[in-house]
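Asks: In terms of full-length UniProt numbering, the sequence shown is residues 1 to 131.
Cβ atoms here follow ideal geometry from the backbone N, Cα and C, with glycine treated the same way.
Please read all numbers here as calculations on a predicted model, not as lab measurements.
Here it is, the structure, as structure tokens.
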Amino acid sequence: MLTDRRFQEHYSFLFTAFNIFQRREILLRTSMKVKRSSFDTFAANLAEISPETVHRVTERVSRGDTNTANTDAERQVLRLLKEVNVITTHVPGSASSRKAMRNEIRALQIDQGLPSFFITINPADVYNPVV
């Protein structure tokens, strides 16, 4: 079973596999959050926008242009993007999951006190079969 070490020692296989896993988790576990007070207007405005307009704006935003809007509908999409918070706490390796882990460590420190001895062992992820 572990006699074939090609995948364990390949320089980029682990990163590619983790990237595929993380993209899948993002698709399955990402959710959006809107303030309760503005939810009704947000839902009504979102229902008025066509998918093509959203696609044009997302293409522009993915290229780094977050301010340009050619039509009123595109301006409305940009306003709605500012009202939405993306929640990715359950996606391993995301900024939200790292923040949640830091908060958990802080809570443990408050409850149990500061650790007197803390060590992290990190084997080489390319050459070690354990990783």
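Taking only runs that begin and end inside the UniProt domain "Helitron helicase-like" (2–130), name each unbroken alpha helix (DSSP H) of 4 or more residues, in chain order.
Replies: List check, alpha helix (DSSP H) in window: 6–9, 13–29, 39–48, 51–62, 72–83 and 95–112.
Asks: Determine, using beta-carbon pairs with one atom in the segment 8–24 and one in the segment 75–93, whether at least three such pairs fall under 8 Å.
Replies: These segments touch.
Asks: Taking only the alpha-carbon atoms, compute the straight-line gap between Glu83 and Met101 and give it to the nearest angstrom.
Replies: About 26 Å.
Asks: Would a C-beta distance cut-off of 7 Å place Val57 and Val77 closer than the cut-off?
Replies: Yes. Within cutoff.
Asks: Thinking C-alpha only, which one of Ile110, Asn103, Val86 and Thr68 is nearest Ile26?
Replies: Residue Val86 is the option with its Cα nearest to Ile26.
Asks: Hey, how far is the Cα of Gln109 from the Cα of Thr41?
Replies: Going by the C-alpha atoms only, they are around 42 Å apart.
Asks: Compute the Euclidean distance between the alpha carbons of Ser116 and Asn122, then round it to the nearest angstrom.
Replies: Computed Cα separation, rounded: 20 Å.
Asks: Can you confirm whether Ser12, when its beta carbon is compared against all beta carbons of chain C, has any partner nearer than 7 Å?
Replies: Included in the structure is just one protein chain, with no chain C present.
Asks: Thinking C-beta only, is Thr30 closer than 7 Å to Thr89?
Replies: Cβ distance not < 7 Å, so Thr89 and Thr30 don't count as in contact.
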